[in-house]
Every structure is written in structure tokens, then in C-alpha cells.
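>
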Amino acid sequence: MNAAVDPMGDPHREKAPSDPAEGALRASDAERNEVVELLGEHASAGRPTLAELEERVQRAYAARTRAELAALTEDLPALSTISRRGKVRRWFLAILGGATRRGWMRLSGSANVVAIMGGDDLDLREAQIDGDELTINVFALMGGASIYLPDSVEVEFIGTAIMGGSDERGSTRPPRPGAPLIRIRYFALMAGVAVWRLPAETRGRSLKEATRAAKKLERGEG
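Positions in the sequence shown are counted from 1; adding 2 to them yields this note's numbering.
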């Protein structure tokens, strides 16, 4: 979201566009997702409250212009001065809408996935994982979350589903020796949570192609 971030200051604080014409430009899906992620990081520090977070996330997904997005974070203090490129992702939110996260990202220790009346697809095939273990906490309410992992990592999938379901799909091949352990802890209420183990050789392909290959392995056709 280069146009809305101060290139000479803290990249973690959304800056209102100084040029009115720039603020009137239409916001992209990537810019909306970046603001939602930033709001989640602030919420983990106690600002805004969860109620305010839900309201602002709805406004972010409904925002049409960059100025509308910038207004959602202008009353929040700056976070770390660490570059966004290397920062650790902690929150993945989908509230009253859908979101798909893919590509390179850095994860360390733990991450949180929240899907409320929405769907969140998290593709971690290109993710960088610090250390030997990662815990992903998933909360789904009247929505769903799907997490896609390469079959070379070890997966532990434990949780509770009430009036919903959970499923572990895809490749049944054993993980690579010494590979990271991904612990997925979930709670689903009238929602579904799924974990897909995708063949490592499908890295770089679309999720559609990768899940098709995983289904073949699931049926013993690989």
C-alpha cells in the first residue's frame, strides 16, 4: 500500500494522503487487507477494542477510496519501526466477507485466524517459519477457515466444532524428517475448519491445481 504509507516515517502507521486527488483514488483489495491486518495488530495491544475492531474491519472491507482506509488508523499510534517486509504476521481476519492470503510471509511462534460470518483461506506454502514449531489458533463463527500446508511439514490438528465441522484433507505422505511442526488449535461454532496437506511439488501452482493433486494422493492414485 505504497501510496498510503509514509515512505520517510514509520511504515506501520497509515498516513492520510496529503493530496486530495490521491485520497480519492479507489482502494485495492490488497490495500484493504493490509489495513485489516494492521487493525488486528493494534487490537492485540488493546486498541481498538474487539467491538471497535469489528466495526472498523467492516468499514475497511467496504471502503472505496484510500482516504476512507487512512481514516481507520489515523487515531492509532505507530507500532514498531521494523520494516513491513520482514515483520512477523500474527493476525488473519475475515469478518463479514472473504479473504485469501498467499505468497511469502513470515510466521514465528503463533498466529491467529478469525473468521466471523466470512471465509478465510490461508495458503502457507510459501511462508517462512521461524524455529521448529508454529501454533495457529483458529476461531470460526458462522463462517469457515481453510489452511493449506505443504505435505513436507508435520501437522497436529486439534479442536472443537459445535454445530459445524472440521476436516483434514489431502496428501497422506509422511512429513520430511526434521520438518517444522504446525500445531493448529481451533474452535468452530456453526462453522467449518479444514486443513489441506498439499504435495510439496505443487508449490507455485494455483490452489485449485494443488488441491486436485492432493485429492489424487488422498485416493491413492499418486
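The C-beta atom is built at its ideal place from N, Cα and C for all residues, glycine as well.
These numbers were taken from a predicted model, which means no experiment stands behind them.
What do you get for Ala26, buried or exposed, if any count of 16 or more other CB atoms within 10 angstroms of its CB means buried?
Answer is exposed; the Cβ neighbour count stays below 16.
> Could you check how far apart the C-beta atoms of Ala147 and Ala117 are, in whole angstroms? I think they sit under 8 Å.
Going by Cβ atoms, the distance from Ala147 to Ala117 rounds to 5 Å, so yes, they are a contact pair.
> Hey, how far is the Cα of Glu135 from the Cα of Ala142?
About 23 Å.
> List in chain order: all unbroken beta strand (DSSP E) runs of 3+ residues lying wholly within the segment 86 to 138.
DSSP runs (the beta strand (DSSP E)) wholly in the segment 86 to 138: 93 to 97, 100 to 103, 108 to 118, 121 to 125.
> To the nearest angstrom, how far is the alpha carbon of Gly172 from that of Asp153?
Approximately 8 Å, taken between the alpha carbons.
> How should Glu128 be labelled, buried or exposed, when 16 other C-beta atoms within 10 angstroms of its C-beta is the threshold for buried?
Counting Cβ neighbours within 10 Å, Glu128 comes out exposed, since fewer than 16 surround it.
> Give me the residue from Leu191, Thr213, Glu36, Ala212 with the minimum Cα distance to Met107.
When only C-alpha atoms are compared, the closest one is Glu36.
> Going by C-alpha distance, which of Phe189, Arg34, Arg199 is nearest Thr102?
For Thr102, the nearest C-alpha among the options comes from Arg34.
> In three-state terms, what does DSSP make of Arg205?
In the structure shown, Arg205 sits in coil (DSSP, three-state: anything other than H, G, I, E or B).
> Hey, out of Arg214, Tyr188, Leu40, whose CA is closest to Arg199's CA?
When only C-alpha atoms are compared, the closest one is Arg214.
> Locate the alpha helix (DSSP H) running through Ala72, then write down its first and last residues.
That run of the alpha helix (DSSP H) goes 68 to 72.
> Taking C-beta to C-beta, are Val155 and Ile184 nearer than 8 Å?
Closer than 8 Å, so yes.
> In terms of alpha-carbon separation, which member of Asn139, Glu223, Arg207, Glu220 lies closest to Arg91?
Checking every option, the nearest Cα to that of Arg91 belongs to Asn139.
> Go ahead and label Glu39 buried or exposed: buried means 16 or more other beta carbons lie within 10 angstroms of its beta carbon, across all protein chains shown.
Glu39 comes out buried.
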